[in-house]
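J.: Under the working numbering, the first residue of the sequence shown carries the number 23, and numbering increases by one thereafter.
Virtual Cβ for every residue (Gly too), placed ideally from N, Cα, C.
Treat the numbers as computed from the prediction; the structure is a model and nothing was measured.
Before I ask anything, here is the structure I am working with.
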Amino acid sequence: MLINLHTHLEGRVRPTTAAELAARAGTPAPPRGWQEAIRLDAPGDLTAYLAKVSSTYPFFGSADALARITREAVEDAAADGQDYLELRFGPATHVRDRFGLDDVVAAALDGLHDGVRATGMPAGLVVAALRVHDAELNAAVARAAARRAGDGVLGFDLAGDELRYPDLTAYAEAFALARAAGLGITCHAAEAGPAHAAQDAVRLLGATRIGHGAHIADAPDVMRWAADHGIVVEVCPTSNWYTGATPALHHHPAPRFLAAGIPLVLGDDNPAQTGSPLSAEAEILTGALGFTTADRAALDATSVAAAFMDDSVRHDLRARLAAV
Ligand SMILES: [Zn+2]
């Protein structure tokens, strides 16, 4: 089964769509075209990676374009063979004059619902607060997410530059609002920062899932803590290689997490940048990273249990897993 629990809408824009939206807006094409502007062709660092992701931000500022990008992201995931998708995005980045936070979330939900209707693949949104934004703006993002809880918004996340903004107390109010609305809580942590950042995300923000968490592997005591507390780590191997969080694919810590008993789920993070959709990430688990069939089955079961999906969707996916 292919359950995508860590992927960004901003990292799923089709180059053909970017070209079309740019032409319509009168935006000049990048020197070597949109494919080149969006896609990374080799591993680098987080800064280079995020620069590629942000190349498409100008296209998120209108309801029609945002709905289209979201619908196409759902269609592309379904075409990749995915069975369930949690699509995260940071709405505050896309606010414009007369296109406020509620409008941004509404446009993404319109596209999401269209994509789900067209493909039959269940999907939901995870709204992300951003580290670069202040407490007040992130609280407003949480309130906008809360207003659509149960209507396609399933979870809340914190994304952005972990090294420049390591202090999580600034985000506590936003996460308290999200928890009160019943949203599932995940947090990018220990991706670029140290292992204990994952513990901070659990203790200060109420995260039950950790995005990436690659550096948890640096600290045996944090490895034990994650296993003992059942903290779910969302692994994204190619992304971690491309951002330099891991020096090579076969050095990715997923096998060490597995051996330590840490529950794992899978994501493809930003496939428009890496060129590696979830189906390819799943092959990396069983290829370069040596996961057995039983390890994959355990990951599927963890994914269904840890997803922020509605209980009816969870029930359906559990039944499909049992039938495999
Ligand atoms: Zn991510």
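#1: Would you say Ala151 and Ala194 are within 7 angstroms of each other, going by their C-beta atoms?
#2: Helix, strand or coil for Val154, going by three-state DSSP, please let me know.
#3: Kindly indicate which residue of Pro37, Asp322, Leu307 and Glu303 has the alpha-carbon position closest to the one of Thr29.
#4: Determine, using beta-carbon pairs with one atom in the stretch 175-190 and one in the stretch 205-223, whether at least three such pairs fall under 8 angstroms.
#5: Is the closest heavy atom of ligand 3 to the C-beta of Asp291 under 6 angstroms?
#6: Does the distance between the C-beta of Gly206 and the nearest non-hydrogen atom of ligand 1 fall short of 6 angstroms?
#7: Please report the distance separating the alpha-carbon of Ala282 from that of Pro144.
#8: Whole angstroms is fine: what's the gap from Gly289's alpha carbon to Ile207's?
#9: Quick check on Ala229: buried or exposed, where buried means 16 or more other Cβ atoms within 10 Å of its Cβ?
#10: Compute the beta-carbon to beta-carbon distance between Ala270 and Ala236, rounded to the nearest angstrom, for a pair I have assumed lies under 8 angstroms.
#11: Rounded to a whole number of angstroms, what is the C-alpha to C-alpha distance between Phe330 and Gly312?
#12: Please state whether the Cβ-Cβ distance between Thr324 and Thr296 is less than 7 angstroms.
#13: Go ahead and pull the three-state DSSP assignment for Arg54.
#14: Got a sec, what are the start and stop residues for the beta strand (DSSP E) Gly133 sits in?
#15: Hey, would you say the C-beta of Gly233 is under 6 angstroms away from at least one heavy atom of ligand 1?
#16: I believe Gly433 touches Cys209 by the beta-carbon criterion, under 8 angstroms. Please report the beta-carbon distance rounded to the nearest angstrom.
T.: The structure says:
#1: no
#2: coil
#3: Glu303
#4: yes
#5: Although ligand 3 was asked about, the structure shown includes only ligand 1 as ligands.
#6: no
#7: 31 angstroms
#8: 16 angstroms
#9: buried
#10: About 13 angstroms; that fails the 8 angstroms criterion.
#11: 28 angstroms
#12: no
#13: coil
#14: No beta strand (DSSP E) contains Gly133, which is instead part of the alpha helix (DSSP H) from Leu123 to Thr141.
#15: yes
#16: Outside the displayed range of the chain (23 to 346) lies residue 433, so it cannot be described from this structure.
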